[in-house]
């Protein structure tokens, strides 16, 4: 979905001679064309979203015979004192921030390299398809094999290098979260790279050459020429990555299922268990609302970045 | 001149590090898939299997209903892709050719949908589908995938429509073609590659999807490939790693093939779009 940010850039630009186009489709015709898409969207995504917010103020539970009652803000009050949830929330923030920061920095490096005239660029592009295309469940399984304490390649390599071995990466209290963060970075790097690469190709090459002729070093050229042009794209993809990572579920579900001792229990996993293992629909919906609030703030940042990008470019 | 060479060497070293990071986990998956249980139990695993075997693939098919799960995945993903493209193409055309409140609302929704909090949606979605008797049914899951694919399908398709010059349509109108005729025999053929790319992208997204399938499908005969794959994990002994790797690799193949075909189109489109602007 990295294409979103770049496509929107490309589509925003051409000036619209809108008059002719408006006449092309009549108002009634437009509704007629839009309706088949609108109904499923309303029933299965806008509707549930609103319904979910309402559920957060009820004591709804799965498989209960008593009717569901309104309980006002009780769920939220409970949530405020639920230390397990806030611990999970903290882990979610560490995960999202850690994965996103590493993803964007590494992707920026790779994009800068791919923007050079290097051999083997095609290989990097081909390899970048793998994490992008691979089902998240398979990514998780694959890294379980890498991290496996006995048959895994990571421990074997460390043994060969004489750095000791026998680490149980995914069950160690201290190593589990960093280990899953590495996987998150691996899985999300390609999209980010492609988006940044698109942004890089947007930077004025002549300006770059002129700066080089004037004797500006690589770092200077990056800061004064490349970065200003790249900034809107970089901001947008960072915010999107942050949101995606915060909503992430399958990777960690497969890798650790939230263990050991809740050290990798992301908020999504927490809410999933609350809803579908313990059947506390209302309470889980309240958690969802809190997470939505966080995501909304991130989205606002994204939109502000986008608007500012429009002024810059 | 010397600094230039060192820069180049540094660049290649960095590129190599990236290649290693990207490729090695996947190569290890492949390597594990071809190892015998005995070799997997050995103390010092090697990159290249000493005695490559296909037993793991056979065992993977014997132990879990993988083929059946793959069929379920195929039905849900293909169904979702076809329906999503059919449903999304007309509104995408409207979005691209008109500016109205409706279009703005659609664009806003596409952006918001990127941030959709799955936790908040899944519980009510589960209840709604239950009322429609669509929980634990592939049809219900397909429907969810359609809705899920719509935002980016709209987005991509609207981009492809904008790439078709209005002059083409005006020329057709001048030649006496009616509105419907213009759309069917002039615009549609030009859009075809974009429609195929969008459909394939929707297919891969649905084929890879896990969360909805996990929540919505209960009966094991109805479960899709990613859900069935997680059954392999559980309490795994070292001996079961081979079949697990084999099955995981097979589940990736369709996505890889489709992506290899579409990727150039997607990224290529993005890049030219960015350059043009």
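Residue numbers (the numbering used here), protein chains in the order written: chain E, 297 to 609; chain H, 6 to 282. C-beta: ideal position from N, C-alpha, C; glycine also.
Member of H:222, H:250, H:156, H:196 whose CA lies at the smallest distance from the CA of residue 210 of chain H: Position 205 of the second chain, counted from the first residue, corresponds to residue 210 of chain H. Checking every option, the nearest Cα to that of residue 210 of chain H belongs to H:156.
Residue 504 of chain E - containing alpha helix (DSSP H), residue span: As a position in the first chain, residue 504 of chain E is number 208, starting the count at 1. Segment 501 to 509, the alpha helix (DSSP H) holding residue 504 of chain E.
Given residue 249 of chain H as reference, the closest of H:67, H:56, H:24, H:22 once Cα atoms are compared: For the purposes of this step, residue 249 of chain H is taken as the residue at position 244 of the second chain. Nearest C-alpha to residue 249 of chain H: H:67.
Shorter than 8 Å from the beta carbon of residue 73 of chain H to some beta carbon of chain E? Working through the second chain from its first residue, we reach residue 73 of chain H at position 68. So, not an interface residue.
Note down, one range per segment and in chain order, each beta strand (DSSP E) of at least 3 residues found wholly within the segment 8 to 44 of chain H. none
Can a CB atom of chain E be found closer than 8 Å to the CB of residue 260 of chain H? Numbered from its first residue, the second chain carries residue 260 of chain H at position 255. At least one chain E Cβ lies under 8 Å of residue 260 of chain H.
Can a CB atom of chain H be found closer than 8 Å to the CB of residue 317 of chain E? By one-based count along the first chain, residue 317 of chain E stands at place 21. Caution is warranted here: a pLDDT of 46 is assigned to residue 317 of chain E, below 50, making its placement in the model unreliable, and the coordinate value is therefore given only provisionally. Chain H, which has a Cβ nearer than 8 Å to the Cβ of residue 317 of chain E, makes this yes.
Which residues bound the alpha helix (DSSP H) around residue 135 of chain H? Here the question's residue 135 of chain H lines up with position 130 in the second chain. First-last of the alpha helix (DSSP H) with residue 135 of chain H: 123 to 136.
Given a limit of 7 Å on CB to CB distance, which residues of the segment 34 to 54 of chain H reach chain E? 34, 37, 45, 49, 50
Does the segment 94 to 107 of chain H come within contact of the segment 548 to 564 of chain E, defined as at least 3 CB pairs closer than 8 Å? no
Taking Cβ positions only, does residue 372 of chain E come closer than 8 Å to chain H? One-based indexing of the first chain puts residue 372 of chain E at position 76. So, not an interface residue.
Between residue 541 of chain E and chain H, is any beta-carbon pair separated by less than 8 Å? Position 245 of the first chain, counted from the start, is the residue given in the question as residue 541 of chain E. Not an interface residue.
Limits of the alpha helix (DSSP H) - the one that residue 378 of chain E falls within: What you label residue 378 of chain E is simply residue 82 of the first chain in a count that begins at 1. Counting along the chain, residue 378 of chain E falls outside any alpha helix (DSSP H), and DSSP gives it neither H nor E.
Would you mind telling me which residues of chain H sit closer than 8 Å to residue 577 of chain E, beta carbon to beta carbon, in chain order? To locate residue 577 of chain E, count along the first chain from 1; it is residue 281. Under the 8 Å cutoff, chain H gives 128, 132.
Beta-carbon contacts of residue 562 of chain E that lie in its chain and below 8 Å, excluding the five residues immediately before and after: Residue numbering aside, residue 562 of chain E sits at position 266 when the first chain is read from its first letter. These residues qualify, in order along the chain: 384, 387, 388, 391, 544, 545, 548, 554.
Quick test of the definition: if touching needs 3 or more C-beta pairs under 8 Å, does the segment 175 to 185 of chain H touch the segment 111 to 120 of chain H? no
Whose C-alpha, out of E:466, E:439, E:355, E:487, is nearest the C-alpha of residue 479 of chain E? For the purposes of this step, residue 479 of chain E is taken as the residue at position 183 of the first chain. Closest by alpha carbon: E:439.
What residue range is occupied by the uninterrupted alpha helix (DSSP H) comprising residue 493 of chain E? As a working note, residue 493 of chain E is residue 197 in the first chain. Residues 472 to 496.
Whole-angstrom C-beta distance between residue 328 of chain E and residue 583 of chain E, which should lie under 8 Å: Your numbering for residue 583 of chain E matches position 287 in the first chain. Your numbering for residue 328 of chain E matches position 32 in the first chain. Actually they are not in contact, since the Cβ atoms of residue 583 of chain E and residue 328 of chain E sit about 40 Å apart, beyond 8 Å.
Does residue 412 of chain E have its Cβ less than 8 Å from a Cβ in chain H? Here residue 412 of chain E refers to the residue found at position 116 when the first chain is read from its first residue. Yes, residue 412 of chain E lies at the interface with chain H (some Cβ there is under 8 Å from its Cβ).
Please confirm whether residue 32 of chain H and residue 247 of chain H have their CB atoms less than 8 Å apart. Within the second chain, numbered from 1, the residue matching residue 32 of chain H stands at position 27. Within the second chain, numbered from 1, the residue matching residue 247 of chain H stands at position 242. In this structure, residue 247 of chain H does not lie closer than 8 Å to residue 32 of chain H by Cβ.
Residue 319 of chain E to residue 94 of chain H, Cα distance in whole Å? As a working mapping, residue 319 of chain E is identified with position 23 in the first chain. As a working mapping, residue 94 of chain H is identified with position 89 in the second chain. Low confidence applies to residue 319 of chain E: its pLDDT is 48, below 50, so where it sits in the model is not reliable, and the reading given next is rough at best. Their backbone Cα atoms lie some 19 Å apart in a straight line.
Considering residue 460 of chain E, what are the terminal residues of the alpha helix (DSSP H) in which it resides? Residue mapping note: residue 460 of chain E aligns to position 164 of the first chain, counting from 1. From DSSP, residue 460 of chain E is part of no alpha helix (DSSP H); its letter is neither H nor E.
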